[in-house]
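Trainee: Here the working numbering is used: the first residue of the sequence shown is 29, the next is one more, and so on. Heads up, the beta-carbon is just placed ideally off N, CA and C, and yes, glycines get one too. Source: prediction; values computed, not measured. My structure is below; once you've seen it, I'll send some questions.
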Amino acid sequence: MKKLWLLLFLPVIAVLIWTIQKRSEAPRVVFAKASRETISSTIETNGKIEPIEYVEVRVEAAGLVKKLLIHLGDNVRAGQEIAQLSQSGLPEDLQAMEARAAQARAELATLQGGGRSSEQAELQGNLARLKEQRAAAERNFESLTRLQKLNAATSYEVEQAHQTVTDLDAQIQALGERRTALVGKGDIQSAQERLREAEANVQLSRSHIGDTIVHAPMSGTVYDLPAHLGAYLNVGDPVASTGKLDPVRVRVYVDEPELGRIAVGESVKITWDALPGKQWTGTVDKKPSEVIPLGSRQVGEVLCTIDNPNHELVPGTNVNAFILTQVVRDALTIPKTAVRRDNGTGVFVLAPDRKLKWTPIKTGVGDALHIQVDSGLHEGDAVAQPSDLILKDGMAVNPVIQ
């Protein structure tokens, strides 16, 4: 019977002994060793892509988009036709203006030639008739003069014949003056003014038709195309935006406390969530001149130039930006997670007797995972990583070195 009870209690006794031993063992703590490496200090933030050189193409005359000759992402050259607008009445207006100009041109030519042909012909006919009459009157006067010398004609007849010649001379002179006055200098000047005005109206009408053809003002890539076929555009409405997309500008938003670390010429890396695994590089071009609100943040706008050889970064895109502010080579580093700030800045170092030793340290440059230790540690020192346990100075541990 005693043996039976002993057999029943043996497992319970074994569990109690194992529990007592486990409680007496030191807790397991993960440690990382201080090592030397090149460490970089990086500011991680966000930014927006924009072209360095660009132009917004806007219409100068209202109308419907009749033809749209470009697509988003197309490369265009300066002067290339990119759209046509439809406007009613413009061709008819041009025809009317051209007809008025042709009429003004004909009137000027007529005046420069002496006047209208019908008036010229009438004057010329009357002048020829009067000259014939004068010649006949001159012959009659001479004949009567000879007869008077022979006492075959009276003085009265001679005087009447002479008066007829004088009257015809006066009529011929009047016709000559009328012919000269038919086209005066002022008439030609007025006709020239009318022609210039008519030709100016023709050019204006043609320019209005020309306004309905939209051209690209510069060579570049179409990165925005708000216009679409059949849309009605008012004067000044945008058709497209074109710009040079290599390189591009990135407007990087840096929080106010970090601005002191920014310097012109620092390296910048850009990533875009829409193209994971890809990155673009460039440099800081300009530091901000003011701090502005951005949502709940106070930021400075840092301008960076980024190479974009394949035109993958499109203006208006929101991107991730990483500004490399400092590089330290052969720096003594530890994981950032090992640094504690409960009682000053320090770490728990593994002592030779497998106990924790609180050690104050002075830190320097840090990146996403590691931080530089300027003083307090030596290469190879093991520092405790975060643990579920509450670590204390002098605490015995079971170290696990990573």
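What residues match up with K385 in a beta bridge as DSSP calls it?
Mentor: Bridge partners of K385: V377.
Trainee: Measuring only the C-alpha atoms, how far is A379 from E53?
Mentor: One C-alpha to the other measures close to 17 Å.
Trainee: Who are the Cβ neighbours of G75 in its own chain at under 7 Å, not counting the five residues just before and after it?
Mentor: Cβ neighbours of G75 beyond the five flanking positions: V278, R279, V280, Y281, V347 and A349.
Trainee: Using beta-carbon positions only, say whether Q112 and T240 come within less than 8 Å of one another.
Mentor: Closer than 8 Å, so yes.
Trainee: Could you tell me whether the region 421-430 touches the region 89-102, using the rule of 3 or more Cβ pairs below 8 Å?
Mentor: No contact exists between the region 421-430 and the region 89-102.
Trainee: Would the beta-carbon of V312 fall within 8 Å of that of V87?
Mentor: Their beta carbons are not under 8 Å apart, which means V312 does not touch V87 by this criterion.
Trainee: Mind checking whether V104 and A219 have CB atoms under 8 Å apart?
Mentor: Taking 8 Å as the Cβ cut-off, V104 and A219 do not qualify as a contacting pair.
Trainee: If you measure between the beta carbons of T365 and Q413, is that distance less than 8 Å?
Mentor: Cβ atoms of T365 and Q413: closer than 8 Å.
Trainee: Where does S415 sit, in a helix, a strand or coil, going by DSSP?
Mentor: In the structure shown, S415 sits in coil (DSSP, three-state: anything other than H, G, I, E or B).
Trainee: So, S69 versus T270, is the Cβ gap smaller than 8 Å?
Mentor: Against a cut-off of 8 Å, the Cβ pair of T270 and S69 comes out as no contact.
Trainee: If we count the other Cβ atoms within 10 Å of its Cβ and call it buried at 16 or more, is D252 buried or exposed?
Mentor: Buried.
Trainee: From Q217, R369, L405 and Q307, pick the residue whose C-alpha is nearest to that of E135; which is it?
Mentor: Closest option to E135, Cα to Cα, is Q217.
Trainee: Taking the alpha carbon of A431 as the point to measure from, which residue in E81, A62, A228 and A180 has its own alpha carbon closest?
Mentor: Given that the chain is displayed from residue 29 to residue 430, the structure contains no residue 431 and the question cannot be resolved.
Trainee: Could you tell me whether the Cβ atoms of P316 and V330 are closer together than 8 Å?
Mentor: Yes, they are a contact pair.
Trainee: Rounded to a whole number of angstroms, what is the C-alpha to C-alpha distance between Q161 and R133?
Mentor: Approximately 39 Å, taken between the alpha carbons.
Trainee: Could you give the DSSP three-state label for R105: helix, strand or coil?
Mentor: Coil at R105, not helix or strand.
Trainee: Does DSSP classify T353 as helix, strand or coil?
Mentor: Of the three classes helix, strand and coil, the one that applies to T353 here is strand, per DSSP.
Trainee: By DSSP's criteria, T345 is part of a beta bridge. Which residues make up the other side?
Mentor: T345 is not bridged to any residue.
Trainee: Does G153 pass the burial test, meaning 16 or more other C-beta atoms within 10 Å, or should it be called exposed?
Mentor: Flag for G153 reads exposed.
Trainee: Excluding sequence positions up to five away, which residues of its chain have a Cβ less than 6 Å from the Cβ of S415?
Mentor: Excluding positions up to five away in sequence, the list reads V57.
Trainee: In chain order, what residues of the same chain have a beta carbon less than 6 Å from the beta carbon of H190, not counting five sequence neighbours either side?
Mentor: Answer for H190: F169, listed in chain order.
Trainee: Using a Cβ-Cβ cutoff of less than 6 Å, which residues in the same chain neighbour A181 once the five nearest sequence positions on both sides are dropped?
Mentor: Here the set comprises L172 and L175.
Trainee: Whose C-alpha, out of G404, V186 and E340, is nearest the C-alpha of A302?
Mentor: Out of G404, V186 and E340, E340 has the C-alpha closest to the C-alpha of A302.
Trainee: Near L417, which residues of its chain fall below 8 Å by C-beta distance, leaving aside the five closest residues on each side in sequence?
Mentor: Around L417: P55 and V57.
Trainee: Check K314 in the structure and name its three-state DSSP category.
Mentor: Here K314 sits in strand by DSSP.
Trainee: Can you tell me whether K306 is helix, strand or coil according to DSSP?
Mentor: In this structure, K306 counts as coil in the three-state DSSP scheme.
Trainee: Could you give the C-beta distance for T391 and V377, rounded to a whole number, given that I count them as a contact under 8 Å?
Mentor: Incorrect: roughly 15 Å between the Cβ atoms, too far for contact.
Trainee: Do you know whose CA, among V428, I389, R382 and G408, lies nearest E65's CA?
Mentor: When only C-alpha atoms are compared, the closest one is G408.
Trainee: Starting from N74, trace the beta strand (DSSP E) both ways and give me its first and last residue.
Mentor: That run of the beta strand (DSSP E) goes S63 to R86.
Trainee: Should T373 be labelled buried (16 or more other beta-carbon atoms within 10 Å of its own) or exposed?
Mentor: T373 should be labelled exposed.
Trainee: Within the same chain, show all residues whose beta-carbon is closer than 7 Å to that of N336, passing over the 5 residues directly before and after it, in chain order.
Mentor: Cβ neighbours of N336 beyond the five flanking positions: L273, D274, P275, V276 and W308.
Trainee: If you compare alpha carbons, which of S114, L223 and A163 is closest to L261?
Mentor: Nearest of S114, L223 and A163 to L261, Cα basis: S114.
Trainee: Are there 16 or more other CB atoms within 10 angstroms of the CB of V411, so buried, or fewer, so exposed?
Mentor: It is buried - the Cβ of V411 has at least 16 other Cβ atoms within 10 Å.
Trainee: Less than 8 Å between CB atoms is the rule here; does A137 satisfy it with respect to chain B?
Mentor: No chain B is part of this structure, which consists of one protein chain only.
Trainee: Output yes or no for whether 8 Å exceeds the beta carbon distance between V250 and E284.
Mentor: No, they are not a contact pair.
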